[in-house]
């Protein structure tokens, strides 16, 4: 080999190295803008552990609708506008429908088995198909009586102990959910299956918060020994995994046992089991996971939305309550409870519920997506594997979409020419693209029946101090699944006639 040939090889290698580094620098320079990053840790110390959506919203005002963060080498893309979410999560859903690997809540606690966090693939699609089949309108119609039966207990409880309205709301929603999902009658909030579901929800909400556990930012920490200093998160994960497994398995095994005895009540899980013979262990595990979605995920989110209704309507916007009650009186008469068939006959109530969703979304940050291949948007490079976080709260408080976004204004959805004046929040609060929540219909029906029935029977107002002055509520929300801080209401029947009607409901339940 000539001397020139010996020189050519290292020159070509060096040239390739230079070109590679140039390409890498070019990619980095084209990343979306974001807060300044520290070496190695990136933005890890800047990302708050609570109410992250507010911080992200403030940052977006400086850096724009698409923003890049990093934490220990992990690429995070935050989306803060309707346009960019539509372009990426909906129109490019083929590459934006996966979930990131969440070490704590997904892998160590096991929630990646369940539909909301499962990787996008064959198992996910089969699980979603099972759930959608069970929740379609024809199947769901067999459970429409459940709402009326549970409300006939809830309304007398609300009359008898109005100060316990939040406890009564929790009982009502979990009672509806468990009756539909597992045919299980919940007598009180201390029911063991309800306690399991609530504990599972609480632990999930804590574990999925951005930056809550360092192992999500530094995955290799998962493999440190249990005795190692700082490894306490591993003990927490093991304990919380047991909660998830029990919340998944015990309600399912209850239905299976009831079916074997021939005494099972109609339910979504009974349909899942009785329609499937000779299942493989993997197929049965999938059904266990699917059946648990409604009871684990459905109750807590719906409770949050109903709490927002009780907080906003009487305490802050009493005029909205009066308009809603006027519509109920006109359509239903003075003493009839609504049914699901009345939903489309009550446009103001429908607008009110949309505003409940917008005013304080149950998931201010939607569950994170993951992009599965390199992408470019508006000249910005989005690396494959990036965690993509849609800031739903920012969209629903965008003044260009919703003027006076901090005010509760149901009229903003009044239809003109067949279209809503402002975008329907239900398009955003139940997820995006191919990860839209399949339980949306069940959640909507529950929210409608509870709010419309409560407004038909009761007046809700601020509590009164001994000196006669009203007590102003604390309008604060916390948690990945957002819940209002404790607040009080004054709940009274709208008339003597209605009071007698509600009392008769209670007496009928006793007899």
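Numbering (the working numbering), first residue to last: 19 to 529. Glycine included, each C-beta is placed from N, C-alpha and C at the ideal position. These numbers come from a predicted model, not from an experiment.
Three-state secondary structure assigned by DSSP to residue i
i           : result
residue 241 : helix
residue 318 : helix
residue 388 : strand
residue 517 : helix
residue 313 : helix
residue 236 : coil
residue 85  : strand
residue 73  : helix
residue 501 : strand
residue 526 : helix
residue 368 : helix
residue 44  : Confidence at residue 44 is low in this model, with a pLDDT of 45, below 50, so the placement of that residue should be treated as unreliable; the coordinate-derived value is given next. Note: residue 44 maps to helix in three-state DSSP.
residue 472 : helix
residue 496 : strand
residue 291 : helix
residue 39  : Low confidence applies to residue 39: its pLDDT is 46, below 50, so where it sits in the model is not reliable, and the reading given next is rough at best. In this structure, residue 39 counts as helix in the three-state DSSP scheme.
residue 271 : helix
residue 226 : helix
residue 394 : strand
residue 405 : strand
residue 451 : helix
residue 399 : strand
residue 153 : coil
residue 199 : helix
residue 360 : helix
residue 132 : coil
residue 338 : helix
residue 375 : helix
Cβ pair residue i, residue j closer than 8 Å
i           : j           : result
residue 410 : residue 384 : yes
residue 130 : residue 137 : yes
residue 440 : residue 419 : yes
residue 164 : residue 198 : yes
residue 133 : residue 407 : no
residue 414 : residue 376 : yes
residue 200 : residue 96  : no
residue 487 : residue 169 : no
residue 108 : residue 450 : yes
residue 426 : residue 330 : yes
residue 294 : residue 306 : no
residue 120 : residue 135 : yes
residue 153 : residue 457 : yes
Whole-angstrom C-beta distance between residue j and residue i, which should lie under 8 Å
i           : j           : result
residue 49  : residue 86  : 5 Å
residue 215 : residue 265 : 5 Å
residue 349 : residue 360 : 7 Å
residue 226 : residue 380 : Not a contact, Cβ separation roughly 13 Å.
residue 290 : residue 308 : 7 Å
residue 358 : residue 442 : Going by Cβ atoms, the distance from residue 358 to residue 442 rounds to 19 Å, so no, they are not a contact pair.
residue 372 : residue 259 : With 8 Å as the limit, residue 372 and residue 259 do not qualify as a contact, their Cβ atoms being about 37 Å apart.
residue 474 : residue 75  : That belief does not hold up - the Cβ atoms of residue 474 and residue 75 are roughly 37 Å apart, past 8 Å.
residue 77  : residue 382 : Contact flag wrong, Cβ pair sits at about 15 Å.
Residue(s) in a DSSP beta bridge with residue i
i           : result
residue 93  : 88
residue 164 : Bridge partners of residue 164: none, in fact.
residue 508 : 479
residue 116 : 388
residue 488 : 482
residue 60  : 56
residue 383 : 409
Three or more C-beta pairs below 8 Å linking the segment 353–361 and the segment 328–340: Taking a cut-off of 8 Å on C-beta distances, the segment 353–361 does not touch the segment 328–340, as fewer than three cross pairs fall below it.
Cβ contact (3+ pairs, closer than 8 Å) linking the segment 501–513 and the segment 385–392: Contact fails: fewer than three Cβ-Cβ distances are below 8 Å.
Cβ contact check for the segment 492–502 and the segment 317–326: 3 or more pairs under 8 Å: With the rule of 3 Cβ pairs closer than 8 Å, the segment 492–502 counts as touching the segment 317–326.
Cβ pair count under 8 Å reaching 3, the segment 170–183 against the segment 460–479: These segments touch.
At least 3 beta-carbon pairs within less than 8 Å: the segment 164–180 vs the segment 440–449: No: the two stretches stay apart, fewer than three of their Cβ pairs being nearer than 8 Å.
Contact the segment 53–63 vs the segment 90–110: 3+ CB pairs below 8 Å: Using a C-beta cut-off of 8 Å, the segment 53–63 makes contact with the segment 90–110, since at least three inter-stretch Cβ pairs fall below that distance.
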